[in-house]
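S.K.:
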Amino acid sequence: MNLNKLGFTTFFENQIEADMSVGRIMKYAQNHYTLMTEKGVLAAGITGKMQYEGIFPRIGDFVVYSTSDDGSLHLINRILDRQTCLSRKVAGTRSDEQVIAANMDYLFIVMSLNEDFNIRRLERYMIGAWESGAEPIVVLTKLDLCDNLEDLLEQVDAVTFGIKTIPISSMTGENINQLDPFNQPGKTVALVGSSGVGKSTLINALAGSEVMKTDGLRNDDKGHHTTTHREMIFTEGAILIDTPGMREFSSFEGNEGLEHEFQDIVTLMASCKYSNCSHKKEAGCAVKTALEDGSLEASRYRSYINLLKEVARQDKKRTHQQKLLTQRDAKQKRKSKPRIKKWNSANY
Ligand SMILES: Nc1nc2c(ncn2[C@@H]2O[C@H](COP(=O)(O)OP(=O)(O)OP(=O)(O)O)[C@@H](O)[C@H]2O)c(=O)[nH]1
Ligand SMILES: [Mg+2]
Ligand SMILES: [Zn+2]
Numbered sequence: 011m012n013l014n015k016l017g018f019t020t021f022f023e024n025q026i027e028a029d030m031s032v033g034r035i036m037k038y039a040q041n042h043y044t045l046m047t048e049k050g051v052l053a054a055g056i057t058g059k060m061q062y063e064g065i066f067p068r069i070g071d072f073v074v075y076s077t078s079d080d081g082s083l084h085l086i087n088r089i090l091d092r093q094t095c096l097s098r099k100v101a102g103t104r105s106d107e108q109v110i111a112a113n114m115d116y117l118f119i120v121m122s123l124n125e126d127f128n129i130r131r132l133e134r135y136m137i138g139a140w141e142s143g144a145e146p147i148v149v150l151t152k153l154d155l156c157d158n159l160e161d162l163l164e165q166v167d168a169v170t171f172g173i174k175t176i177p178i179s180s181m182t183g184e185n186i187n188q189l190d191p192f193n194q195p196g197k198t199v200a201l202v203g204s205s206g207v208g209k210s211t212l213i214n215a216l217a218g219s220e221v222m223k224t225d226g227l228r229n230d231d232k233g234h235h236t237t238t239h240r241e242m243i244f245t246e247g248a249i250l251i252d253t254p255g256m257r258e259f260s261s262f263e264g265n266e267g268l269e270h271e272f273q274d275i276v277t278l279m280a281s282c283k284y285s286n287c288s289h290k291k292e293a294g295c296a297v298k299t300a301l302e303d304g305s306l307e308a309s310r311y312r313s314y315i316n317l318l319k320e321v322a323r324q325d326k327k328r329t330h331q332q333k334l335l336t337q338r339d340a341k342q343k344r345k346s347k348p349r350i351k352k353w354n355s356a357n358y
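So the sequence shown is residues 11 to 358, counted in the working numbering.
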């Protein structure tokens with residue numbers, strides 16, 4: 011496969027020498043990686059050094075690999091810098107982030123127009139999307155099961171500020187063609203959202219064939235996940251990344267994505283009369299006024315405050331974890347230092 015079709019752009023090209031072999035991670039299980047390369051699909055491992063340092067390639071990564079003389083073994087030795095990256099932070103691990111997908115151009119935030127519809131959940135995904143660097147598109151599935159579309163679209167618009175929102179049905183095919191601008195060769199699209207919203211079904215619809223297994227029986231039971239591994243799928247159009255449903259997208263790096271998503275509230279806060287306004291009972295509080303006149307929904311404001319607290323809690327946890335790890339590293343270093351016996355003339 012041609013490297014451009016793999017999504018390989020000058021951003022990545024500038025990071026390597028001409029004689030290096032490059033591949034893209036399609037899937038992995040433990041330390042066994044499946045790569046798409048110019049020579050087709052290859053199985054590869056990673057170097058001991060990468061394992062030791064805890065550097066693990068993730069779906070969508072471009073990697074440099076080498077091949078044994080007899081051509082039978084492939085070893086990944088470097089991950090190229092990521093252009094975009096969707097991750098959630100996991101406390102307590104050394105590399106404290108869990109990369110869901112890397113180097114996607116577009117992020118489809120998939121939510122269904124029936125049971126899964128949840129604006130507060132969408133806000134969380136939006137924060138992750140802003141932090142990822144990819145362009146978010148809200149894809150609302152199961153249009154065929156929905157009879158209050160206008161109302162739901164209005165609710166989405168109130169938290170996405172005009173980013174593209176496309177209601178579709180993979181069953182009837184309605185509006186699927188509105189995804190064409192993103193479903194283009196050389197572009198990468200990652201699909202995220204709760205289990206059962208129809209990510210894999212949509213992937214099959216976009217690919218035009220049954221590339222992913224879906225759950226044909228289920229439409230409301232959220233008991234189990236059909237897709238269990240992240241996987242990259244090559245189609246005539248875009249490169250698609252399917253992900254297992256996440257119950258909730260949580261854990262954020264900091265305030266950047268949060269402030270982007272809640273720009274309405276951030277702007278209000280900046281226009282309060284007092285710069286140290288607590289937005290509780292001060293006169294001239296723009297937040298209070300907006301809550302009273304209904305231009306700011308109480309549930310959205312509560313959501314913002316809760317997420318701020320969540321970020322603060324996580325920051326604290328991370329700082330603590332970091333401290334413990336640094337202490338452990340220092341201890342290990344002391345232990346592994348060879349003890350040099352002091353030269354002592356009495357020994358002779
Ligand atoms: N009526 C209707 N059903 C749909 C639509 N899209 C998907 N479904 C059904 O929803 C169920 C779940 O679809 P999947 O594609 O497996 O969902 P998923 O998001 O991949 O779920 P996980 O892999 O568990 O994360 C299946 O029964 C699909 O047939 C749609 O547009 N309309
Ligand atoms: Mg699936
Ligand atoms: Zn205020």
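Even glycine gets a Cβ: it sits at the ideal position worked out from N, Cα and C.
A quick note: this is a predicted structure, and the numbers were derived from the prediction, not measured.
Scan the region 167-205 and note each continuous beta strand (DSSP E) run of 3 residues or more that stays entirely inside, going in chain order.
M.R.: Those beta strand (DSSP E) runs which fall completely within the region 167-205 and span 3+ residues are 175-177, 198-202.
S.K.: Check this for me: beta carbons of Cys156 and Leu163, under 8 Å apart or not?
M.R.: Taking 8 Å as the Cβ cut-off, Cys156 and Leu163 do not qualify as a contacting pair.
S.K.: For Gly50 and Leu16, I'd like the C-alpha separation in whole angstroms.
M.R.: When rounded, the distance between both Cα atoms is 11 Å.
S.K.: Tell me, which residues are paired with Met242 by DSSP?
M.R.: Answer by DSSP bridge pairing, in chain order: Ile251.
S.K.: Figure out for me which residue from Asn41, His330, Ala53 has the closest Cα to the Cα of Tyr62.
M.R.: That would be Asn41, whose Cα lies nearest to the Cα of Tyr62.
S.K.: In the DSSP assignment, find the alpha helix (DSSP H) that holds Arg134 and state where it starts and stops.
M.R.: Unbroken alpha helix (DSSP H) run through Arg134: 129-142.
S.K.: Helix, strand or coil: which one does DSSP assign to Asn87?
M.R.: Reduced to three states, the DSSP call for Asn87 is strand.
S.K.: Specify, as a first and last residue, the run of the beta strand (DSSP E) that Gly50 falls within.
M.R.: Run containing Gly50: 50-56, per the beta strand (DSSP E) assignment.
S.K.: With C-beta atoms as the reference, is Gly70 less than 8 Å away from Met242?
M.R.: Contact: yes.
S.K.: Using a Cβ-Cβ cut-off of 7 Å (strictly less than) and excluding sequence neighbours within five positions of Phe272, which residues of its own chain qualify?
M.R.: Result list for Phe272: Tyr314, in chain order.
S.K.: Pick helix, strand or coil for Arg328, following the three-state DSSP scheme.
M.R.: If DSSP states are grouped into helix, strand and coil, Arg328 belongs with the helices.
S.K.: Is there at least one non-hydrogen atom of ligand 1 closer than 7 Å to the beta-carbon of Thr151?
M.R.: For ligand 1, at least one heavy atom lies less than 7 Å from the Cβ of Thr151.
S.K.: Taking 8 Å as the cut-off, does the region 88-98 touch the region 209-222 (at least 3 CB pairs, one atom from each stretch)?
M.R.: No: fewer than three Cβ pairs fall under 8 Å.
S.K.: So what does Arg338 bridge to, in DSSP terms?
M.R.: According to DSSP, which records beta bridges pairwise, Arg338 is partnered with nothing at all.
S.K.: By a C-beta neighbour count over all protein chains shown, 10 Å radius and 16 as the cutoff for buried, is Ser288 buried or exposed?
M.R.: Answer is exposed; the Cβ neighbour count stays below 16.
S.K.: Can you list, in chain order, the residues of its chain whose CB lies under 8 Å from that of Trp140, leaving out five sequence neighbours each side?
M.R.: So the qualifying residues of the chain are Pro146, Glu266, Gly267, His270, Glu271.
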